[in-house]
Amino acid sequence: MGIAVNLVTYLGGTLHLPSSTSANVVTDFMGTSFLLCLLGGFLADTFLGRYKTIAIFSIIQTLGTGTLALATKLPQLRPPPCHGSHTCKQANGFQMGILYIALYLIALGTGGLKSSVSGFGTDHTGTLMAVTVLVYIQDEVGRSWAYGICSVSMFVAVLIFLSGTKRYRYKKSLGSPIVQIFQVIVAAINKRKMKLPYNVELLYEDTPETSRIHHTDRFRFLDKAAIVGEGDLERNVGPAAAPNPWKLSPVTRVEEVKMMAALLPIWATTILFWTTYAQMMTFSVEQASTMERSVGGFQIPAGSLTVFFVAAILITLAVYDRLVMPLWKKWKGKPGFSSLQRIALGLALSTMGMASAAVAEVKRLEVARATGASATTGTLPVTVFILIPQFFLVGAGEAFIYTGQLDFFITQSPKGMKTMSTGLFLTTLSLGFFVSSLLVSVVKSVMGGSNGGQGWLADNINHGRLDCFYGLLAVLGVINFALYIVSAVWFKPRKSKPATLQMDTIVNGSSTAENKC
């Protein structure tokens, strides 16, 4: 996190990349990190187990951070400093190649680790250190020192982890639910021309009575996977002989896949939140880097503005836990907002955050034009603290949507596919970052500027109209919120026996379901 939150200033200030390119490098890196969680989870579930997965991928991440420290230390791996405002030489292909190797080794390591070791509370405790101490070291001491600290920390962590090898309890890998989902889909496709029986009791079922899921009428096409065809009941050889799962699936397995499919509309409408979140680590940091950040004799690093983001999360969680939940229980008789309500709050707050960001950017650009600073890289005479509302609103939104998504996916997914629930959640983060990269590229192409202008996303943000980009995200947020409401109304939640996963549970300790990613 300490690498990602301040990376955009290194890309623009040291490697001399355009602002939009810098933003996309960061969001592609973060998106890949979360996407690779699926690979890590698959390997842990199917082949390696969690112990080997943690050991292997933590070593990979250590190599990545070490390579990044080296890339920022050696002058041969970065372009020469700027000489004047128009003679900045961008990093060449070789220099960018080394940087990409380092970043994507880190992404691969992160994916494998986060799939097996993750917790909302511990994530944000680490983030608080990253956006303060580590970012300060990057800006004031040197990036190679800061990244070296990351590398040494990872190396020490690996040693500590391995020291407990004999004390750990090991579980046998049971297979990935992703494979089980594909088995149902393949069987249904292969039997697409077959007609469903009038009586659902004729569909195949071999699940013990106590674990069965009753048949439902949604997604009837998938029911064809449970049609008993000629030769389907021929048993495979072995003591645990069973029909070929790629040809025939029991009704319970089909219903599990249906339940996962029913989550997809909610899943899709939460992606845009993480696109909004990505702006807090890219363009918002670039905004901060152009503004007055001094407090007394101390200058706040631009990347450290994210501390307000983390503070918003912690404050929101505390207020929700100590004030909102007791009042809500007295009024409604429930221990807190439902998962769908929390997701709705998160989406609404993030949209408000983008509207606030647009207003702040209008003010910043007015100052830039009034002082004639649009053609320079100097500090504008406007306080960076006007950016606090956007950090605070999106941070508060994350507090609600993070816990809401985890609660929703864990409680509404079938018991046999709990490991998929966190996987679905992590893909929303991944796709949110990739959507940000795509949106930046599209806007850069379509609104690239004419008549000598540089468009919305100029190489220097003082030349552009970042306020319009934020406004576009706010409008998309409103549309997405409407689609979410429709999806939430359509969704029929399961009645879970245990109490739902509350925000304080996730914050104060890693949830078991999340750790099973």
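Going by the working numbering, the residue at position 85 of the sequence shown is 85; the numbering climbs one at a time, nothing skipped. Ideal placement from N, C-alpha and C gives every residue a C-beta, glycine not left out.
Which value, in whole angstroms, describes the spacing of the CA atoms of residue i and residue j?
i      : j      : result
Ile101 : Gly432 : 23 Å
His20  : Lys444 : The sequence given here places Ser at residue 20; His does not occur at that position. Rounded to whole angstroms, Ser20 to Lys444 spans 8 Å at the Cα level.
Gly477 : Leu347 : 7 Å
Leu105 : Val25  : 14 Å
Lys172 : Val257 : 24 Å
Glu361 : Ser163 : 51 Å
Val310 : Tyr277 : 12 Å
Gly404 : Arg192 : 36 Å
Ala375 : Val133 : Its pLDDT being 48, under 50, Ala375 is placed unreliably in this model, and the coordinates cannot settle the point.
Asn480 : Trp274 : 12 Å
Ser284 : Leu387 : 8 Å
Glu255 : Thr216 : 7 Å
Thr306 : Ala261 : 35 Å
Gln299 : Val384 : 11 Å
Gly148 : Asn6   : 15 Å
Asp467 : Ala458 : 12 Å
Ala312 : Val394 : 8 Å
Ile271 : Val435 : 8 Å
Thr282 : Ala396 : 18 Å
Pro81  : Ala344 : 46 Å
Glu140 : Lys334 : 49 Å
Asp321 : Phe409 : 21 Å
Ala288 : Leu380 : 10 Å
Ile485 : Lys224 : 31 Å
Gly97  : Gln279 : 25 Å
Leu233 : Glu201 : 16 Å
Lys89  : Leu472 : 32 Å
Ala499 : Asp407 : Low confidence applies to Ala499: its pLDDT is 40, below 50, so where it sits in the model is not reliable, and the reading given next is rough at best. Whole-angstrom Cα-Cα distance: 10 Å.
Phe47  : Val152 : 29 Å
Phe308 : Ala370 : 28 Å
Met259 : Gly353 : 33 Å
Phe491 : Gly12  : 44 Å
Leu323 : Trp331 : 13 Å
Lys73  : His83  : 21 Å
Gly66  : Leu196 : 58 Å
Gly112 : Tyr198 : 46 Å
Ser338 : Phe219 : 26 Å
Ser144 : Leu38  : 30 Å
In its own chain, which residues sit with a C-beta less than 6 Å from the C-beta of residue i, not counting the 5 before and 5 after it?
i      : result
Ala91  : Leu15 and Pro79
Ile213 : Thr252 and Glu255
Gly109 : Phe57, Ile60, Gln61 and Gly64
Ala488 : Leu340
Leu424 : Trp267 and Phe409
In chain order, what residues of the same chain have a beta carbon less than 8 Å from the beta carbon of residue i, not counting five sequence neighbours either side?
i      : result
Val382 : Met291, Glu292, Lys363, Arg364 and Val367
Leu349 : Leu393, Val394, Ala396, Gly397 and Phe400
Lys329 : Pro335 and Gly336
Which residues in the same chain have their Cβ closer than 7 Å to the Cβ of residue i, if we skip the five residues on either side of it in sequence?
i      : result
Gly452 : Annotation note: pLDDT 49 at Gly452 (below 50); position unreliable, coordinate value reported separately. Taken in chain order, the list of residues that qualify is empty.
Ala44  : Arg50, Thr53, Ser115 and Ser116
Pro18  : Asp459
Thr351 : Ala474, Gly477, Val478 and Phe481
Gly464 : Gln454, Gly455, Trp456, Leu457 and Ala458
Ala188 : Phe221, Leu222, Lys224 and Ala225
Ala130 : Met1, Gly2 and Val5
Phe469 : Val443, Trp456 and Leu457
I believe residue i touches residue j by the beta-carbon criterion, under 8 Å. Please report the beta-carbon distance rounded to the nearest angstrom.
i      : j      : result
Leu68  : Ile137 : Actually they are not in contact, since the Cβ atoms of Leu68 and Ile137 sit about 14 Å apart, beyond 8 Å.
Gly126 : Met325 : In fact, because the Cβ distance is near 26 Å, the residues do not count as touching under 8 Å.
Phe155 : Ala55  : With a Cβ gap of about 13 Å, Phe155 and Ala55 do not count as contacting.
Thr9   : Ala302 : 6 Å
Gly40  : Phe29  : So it is not a contact: roughly 16 Å between Cβ atoms.
Leu263 : Gln412 : 6 Å
Thr27  : Ser437 : 5 Å
Ser249 : Val184 : 5 Å
Val446 : Ala23  : Their Cβ separation, rounded to whole angstroms, is 16 Å, which puts Val446 and Ala23 out of contact at 8 Å.
Ala107 : Thr32  : 4 Å
Leu70  : Gln95  : Actually they do not touch by this definition, with Cβ atoms about 12 Å apart.
Phe42  : Ser176 : 5 Å
Met194 : Gly231 : Not quite, the Cβ-Cβ distance comes to about 13 Å (not below 8 Å), so this is no contact.
Who are residue i's beta bridge partners in DSSP?
i      : result
Val382 : In DSSP, Val382 forms no bridge with anything.
Ser294 : Gln299
At a cut-off of 8 Å, would you count residue i as near the ligand HEM, judging by its Cβ distance to the nearest heavy atom?
i      : result
Gly432 : With respect to the ligand HEM, the structure shown offers nothing to examine, as it has no ligands at all.
Just checking, does the region 399-414 make contact with the region 310-317 on the three C-beta pairs under 8 Å criterion? yes
Any contact between the region 267-275 and the region 423-437? By contact I mean 3 or more CB pairs, one from each, below 8 Å. yes
Would you call the region 194-211 and the region 156-170 in contact, with 3 or more CB pairs under 8 Å? no
Three CB pairs or more closer than 8 Å across the region 405-424 and the region 177-188: Segments in contact, yes.
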